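Q:
There are 2 protein chains.
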Amino acid sequence: MVKRVSDAVKRRLPRYYRRLLSLDEAGTESVSSKELGALLGLTASQVRQDFNLFGGFGHQGYGYPVNKLREALEEILGLKRAWKMVVVGAGNIGRALAGYGYLGGDAFRVEALFDVDPAVIGTQVHGLTVKSADEMVSFINENNIDIAILTVPQEVANKVAHLISSSAVGAILNFAPVKLDAQENGPIIESIHIIDTLMSLTYQLSAKNITKPR
Amino acid sequence: MVKRVSDAVKRRLPRYYRRLLSLDEAGTESVSSKELGALLGLTASQVRQDFNLFGGFGHQGYGYPVNKLREALEEILGLKRAWKMVVVGAGNIGRALAGYGYLGGDAFRVEALFDVDPAVIGTQVHGLTVKSADEMVSFINENNIDIAILTVPQEVANKVAHLISSSAVGAILNFAPVKLDAQENGPIIESIHIIDTLMSLTYQLSAKNITKPR
DNA sequence: TAGATTGTTAATCGATTAACAATC
DNA sequence: TAGATTGTTAATCGATTAACAATC
Numbered sequence: 500m501v502k503r504v505s506d507a508v509k510r511r512l513p514r515y516y517r518r519l520l521s522l523d524e525a526g527t528e529s530v531s532s533k534e535l536g537a538l539l540g541l542t543a544s545q546v547r548q549d550f551n552l553f554g555g556f557g558h559q560g561y562g563y564p565v566n567k568l569r570e571a572l573e574e575i576l577g578l579k580r581a582w583k584m585v586v587v588g589a590g591n592i593g594r595a596l597a598g599y600g601y602l603g604g605d606a607f608r609v610e611a612l613f614d615v616d617p618a619v620i621g622t623q624v625h626g627l628t629v630k631s632a633d634e635m636v637s638f639i640n641e642n643n644i645d646i647a648i649l650t651v652p653q654e655v656a657n658k659v660a661h662l663i664s665s666s667a668v669g670a671i672l673n674f675a676p677v678k679l680d681a682q683e684n685g686p687i688i689e690s691i692h693i694i695d696t697l698m699s700l701t702y703q704l705s706a707k708n709i710t711k712p713r
Numbered sequence: 500m501v502k503r504v505s506d507a508v509k510r511r512l513p514r515y516y517r518r519l520l521s522l523d524e525a526g527t528e529s530v531s532s533k534e535l536g537a538l539l540g541l542t543a544s545q546v547r548q549d550f551n552l553f554g555g556f557g558h559q560g561y562g563y564p565v566n567k568l569r570e571a572l573e574e575i576l577g578l579k580r581a582w583k584m585v586v587v588g589a590g591n592i593g594r595a596l597a598g599y600g601y602l603g604g605d606a607f608r609v610e611a612l613f614d615v616d617p618a619v620i621g622t623q624v625h626g627l628t629v630k631s632a633d634e635m636v637s638f639i640n641e642n643n644i645d646i647a648i649l650t651v652p653q654e655v656a657n658k659v660a661h662l663i664s665s666s667a668v669g670a671i672l673n674f675a676p677v678k679l680d681a682q683e684n685g686p687i688i689e690s691i692h693i694i695d696t697l698m699s700l701t702y703q704l705s706a707k708n709i710t711k712p713r
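Residue numbers (this note's numbering), protein chains in the order written: chain A, 500 to 713; chain B, 500 to 713.
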């Protein structure tokens, strides 16, 4: 009954959720596929196709009940429970993410922060004491960590990712600007390449200047 | 002669570039579309199609000259010049990005960091003195800033984005978890929604457990 | 009821993959 | 030369859009 969920849909689900959350908080009772599509830059068809992958949430002539759909998405996205995370690498980005609180909610919790630098180990970051990377794998396993956020320098990213993959962690969120080698039966990997997005901007800015100089 | 570059290609260009850079630094002279595709998880066809959008860089029977292709991508992506940036919002992520240095290179430079909090204004972050948001637009215009990195709380993100759009900035890199309203003839906007990527992970972790419990 | 809007099938569009002649 | 690999056209695949009967 459950159809295949494409990557494109997978990426849209959080966007639907965020918007439905804000509609719900604003007290909106229902929303049509057309309205929601307009808010997100999608067609009404696309919205309906997407929601129908997970079941019929709408009512003809009425639209979708905001609260009910929000709840359903919360369930689908796994936001009804808390997820335990560790941050690996206490550099700029790592330290920033260690203070991460989810939109006022509590789905994501950073339980520990690791580094290899003796000068950094033992220091306090957002109420956490930086731990030695030597303790990482055992900490992940003993504390049932779900997600490891990888913010180490690119030179060692794959080495550290391998180490993480030897633990029981479920997923890695990678911020290093390298492609991590996927492991057979290893953690799910998603990457955020900030530098790629910056380059995409400079590409567009450069291309723009060719056709339409400012 | 230049064909339309799809969003999918636009997102692959930085990945090609990063890989070619590391191949070049490793002294590799040539790479075939098959080899490069394998390194990036793409088909050889796709690699050849992509490069052919920008001209014939390859040689039959030989492949692509790494250094020449890297140079070409550097040109295409606009990395031969420096881009001036400001960070708007001196919170966790903003402060982290203010210390941003590009992969040892010098294409991206953070020139200033702005905030509205009087307690933060005037403090030092990575060698920069946090400036008042009141000075932002004039600073952007007087210093020919190319890119504004937006790291303010979501509640004010669109308001601040509007303000930024009233300046001469070319692009906004948005980290706030909201969709920014696109402006007619306004800056190019790209967003990095960290929370969306986390939700995509928990979706996958949840879906995984339904079919294959651990 | 009449109007609105869904769920779902069919049509379209675009991106990816395959194929292969050209040629280094 | 023979083998390898490109550039490019054609085929396939999948995602998006359109259409419309069902129905609230």
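C-beta: ideal position from N, C-alpha, C; glycine also. Remember, predicted model here, so these are calculated numbers, not experimental data.
Counting contacts by CB-CB distance shorter than 8 Å, is R510/B in contact with chain A?
A: Reading the second sequence from its first residue, position 11 is the one you call residue 510/B. Closer than 8 Å: yes.
Q: Would you check if the distance between the CB atom of S505/B and the CB atom of R510/A is smaller than 8 Å?
A: By 1-based counting over the second sequence, the position of residue 505/B is 6. By 1-based counting over the first sequence, the position of residue 510/A is 11. Not a contact, by the Cβ cut-off of 8 Å.
Q: Taking C-beta pairs closer than 7 Å, name the residues in chain B that L700/A reaches, listed in chain order.
A: Residue mapping note: residue 700/A aligns to position 201 of the first sequence, counting from 1. Under the 7 Å cutoff, chain B gives I646, A670, L672, I687 and E689.
Q: Just to confirm before moving on: does the CB-CB distance between L539/A and K658/B stay below 8 Å?
A: Counting from 1 along the first sequence, the entry for residue 539/A is found at position 40. Counting from 1 along the second sequence, the entry for residue 658/B is found at position 159. Taking 8 Å as the Cβ cut-off, L539/A and K658/B do not qualify as a contacting pair.
Q: Go to V636/A, then tell me how far its alpha helix (DSSP H) extends in each direction, as first and last residue.
A: Indexing the first sequence from 1 puts residue 636/A at position 137. Unbroken alpha helix (DSSP H) run through V636/A: M635 to E641.
Q: Looking at chain B, is there any beta carbon in it that lies within less than 8 Å of the beta carbon of F550/A?
A: Counting from 1 along the first sequence, the entry for residue 550/A is found at position 51. Closer than 8 Å: no.
Q: Show which residues of chain A have a CB atom less than 7 Å away from the CB atom of T591/B.
A: Counted from its first residue, the second sequence places residue 591/B at position 92. One detail in the question is off: residue 591/B reads as Asn in this sequence, not Thr. By Cβ distance, chain A contributes A595 and G598.
Q: Pull up the distance between the alpha-carbon of L627/B and that of S544/A, whole angstroms please.
A: Translated into positions along the second sequence, residue 627/B becomes position 128. Translated into positions along the first sequence, residue 544/A becomes position 45. One C-alpha to the other measures close to 48 Å.
Q: Contact criterion: CB-CB distance below 8 Å. Does F613/B meet it with respect to chain A?
A: Numbered from 1 along the second sequence, position 114 holds the residue referred to as residue 613/B. F613/B does not count as touching chain A.
Q: Hey, how far is the Cα of V508/A from the Cα of G562/B?
A: As a first step, residue 508/A must be located in the first sequence, where it is residue number 9. As a first step, residue 562/B must be located in the second sequence, where it is residue number 63. Each residue's Cα considered, the two are about 36 Å apart.
Q: Please confirm whether Y515/A has its beta-carbon closer than 8 Å to some beta-carbon of chain B.
A: The residue given as residue 515/A occupies position 16 in the first sequence. No, its Cβ sits nowhere closer than 8 Å to a Cβ of chain B.
Q: Does the beta-carbon distance from I639/B to S664/B come in below 8 Å?
A: Your numbering for residue 639/B matches position 140 in the second sequence. Your numbering for residue 664/B matches position 165 in the second sequence. No, they are not a contact pair.
Q: On the CB-based measure, 16 or more other CB atoms within 10 Å of its CB, does A581/A come out buried or exposed?
A: Locating residue 581/A in the first sequence gives position 82, where the first residue counts as 1. Per the 10 Å Cβ criterion, exposed.
Q: Which residue from D605/A, A537/A and L522/A puts its Cα closest to that of P564/A?
A: Along the first sequence, one-based indexing puts residue 564/A at 65. The shortest C-alpha separation from P564/A is found at L522/A.
Q: Which residues of chain B have a Cβ atom closer than 8 Å to the Cβ of S544/A, listed in chain order?
A: Taking the first sequence and counting its residues from 1, one reaches residue 544/A at position 45. Here the premise fails: no neighbours, minimum Cβ distance about 19 Å.
Q: Please state the DSSP three-state secondary structure of P448/A.
A: With chain A running from 500 to 713 in the structure shown, residue 448/A is simply not present.
Q: To the nearest angstrom, report how far apart G536/B and E689/B are at their CA atoms.
A: Within the second sequence, the letter at position 37 stands for residue 536/B. Within the second sequence, the letter at position 190 stands for residue 689/B. One C-alpha to the other measures close to 26 Å.
Q: Rounded to the nearest angstrom, what separates A675/A and I691/A at their Cα positions?
A: One-based indexing of the first sequence puts residue 675/A at position 176. One-based indexing of the first sequence puts residue 691/A at position 192. Distance between the alpha carbons of A675/A and I691/A is about 8 Å.
Q: Got a sec, what are the start and stop residues for the alpha helix (DSSP H) R503/B sits in?
A: If you number the second sequence from 1, residue 503/B lands on position 4. That residue, R503/B, is in no alpha helix (DSSP H); it is neither H nor E in DSSP.
Q: Does chain A have any CB closer than 8 Å to the CB of P652/B?
A: Position 153 of the second sequence, counted from the first residue, corresponds to residue 652/B. Output row for P652/B: interface = no.
Q: Using a C-beta cutoff of 8 Å, does Q623/B count as contacting chain A?
A: As a working note, residue 623/B is residue 124 in the second sequence. By this cut-off, Q623/B is not an interface position.
Q: So what does DSSP say about F613/A, is it helix, strand or coil?
A: Taking the first residue of the first sequence as 1, we reach residue 613/A at position 114. If DSSP states are grouped into helix, strand and coil, F613/A belongs with the strands.
Q: Using the beta-carbon of each residue, which ones in chain B are nearer than 7 Å to L627/A?
A: Along the first sequence, one-based indexing puts residue 627/A at 128. Neighbours of L627/A on chain B: none; closest Cβ ~13 Å, over 7 Å.
Q: Where in the segment 525-562 of chain B do unbroken runs of the alpha helix (DSSP H), each at least 4 residues long, occur, reported from the N-terminal end onward?
A: As far as the segment 525-562 of chain B is concerned, its whole alpha helix (DSSP H) runs of at least 4 residues are 532-539 and 543-551.
Q: Tell me whether L700/A sits in a helix, a strand or coil according to DSSP, three-state version.
A: Your numbering for residue 700/A matches position 201 in the first sequence. Looking at L700/A - three-state DSSP - the assignment turns out to be helix.
Q: Is any heavy atom in the ligand ZN found nearer than 7 Å to the beta carbon of V508/A?
A: This structure does not include the ligand ZN; it has no bound ligands of any sort.
Q: Could you please give me the residues that DSSP links to E689/A through a beta bridge?
A: The residue given as residue 689/A occupies position 190 in the first sequence. Beta-bridge pairing links E689/A to L672/A.
Q: For a quick check, are the C-beta atoms of P652/B and A670/B less than 8 Å apart?
A: Position 153 of the second sequence holds residue 652/B. Position 171 of the second sequence holds residue 670/B. Not in contact: P652/B and A670/B (Cβ atoms no closer than 8 Å).
Q: Go through its chain and collect everything with a Cβ distance to Q682/B's Cβ below 6 Å, but skip five positions before and after it.
A: Reading the second sequence from its first residue, position 183 is the one you call residue 682/B. Counting only Cβ-Cβ distances below 6 Å, and skipping sequence neighbours, we find S664.
Q: In this structure, does DSSP put A647/B in helix, strand or coil?
A: Taking the first residue of the second sequence as 1, we reach residue 647/B at position 148. Of the three classes helix, strand and coil, the one that applies to A647/B here is strand, per DSSP.
Q: Rank E570/A, L649/A, D695/A and D549/A by C-alpha distance to the C-alpha of N673/A and give the top, closest one.
A: Within the first sequence, the letter at position 174 stands for residue 673/A. Comparing Cα positions, the closest option is L649/A.
Q: Using 8 Å as the threshold, is the C-beta distance between V586/B and V609/B below it?
A: Taking the second sequence and counting its residues from 1, one reaches residue 586/B at position 87. Taking the second sequence and counting its residues from 1, one reaches residue 609/B at position 110. It is a contact, given that the beta carbons lie within the stated cut-off.
Q: Put D695/A into one of helix, strand or coil per three-state DSSP.
A: Here residue 695/A corresponds to residue number 196 of the first sequence, with the count starting at 1. Looking at D695/A - three-state DSSP - the assignment turns out to be helix.
Q: Leaving out five residues on either side along the sequence, give the residues of the same chain with a beta carbon under 6 Å from the beta carbon of S631/A.
A: Indexing the first sequence from 1 puts residue 631/A at position 132. Excluding residues within five positions, the ones whose Cβ falls inside 6 Å are I620.
Q: What are the boundary residues of the beta strand (DSSP E) that V586/A is part of?
A: As a working mapping, residue 586/A is identified with position 87 in the first sequence. It spans W582 to V587 - the beta strand (DSSP E) in which V586/A sits, taken as one unbroken run.
Q: Determine, using beta carbons only, whether D645/A and L697/B come nearer to each other than 8 Å.
A: Taking the first sequence and counting its residues from 1, the one referred to as residue 645/A is at position 146. Taking the second sequence and counting its residues from 1, the one referred to as residue 697/B is at position 198. No. Outside cutoff.
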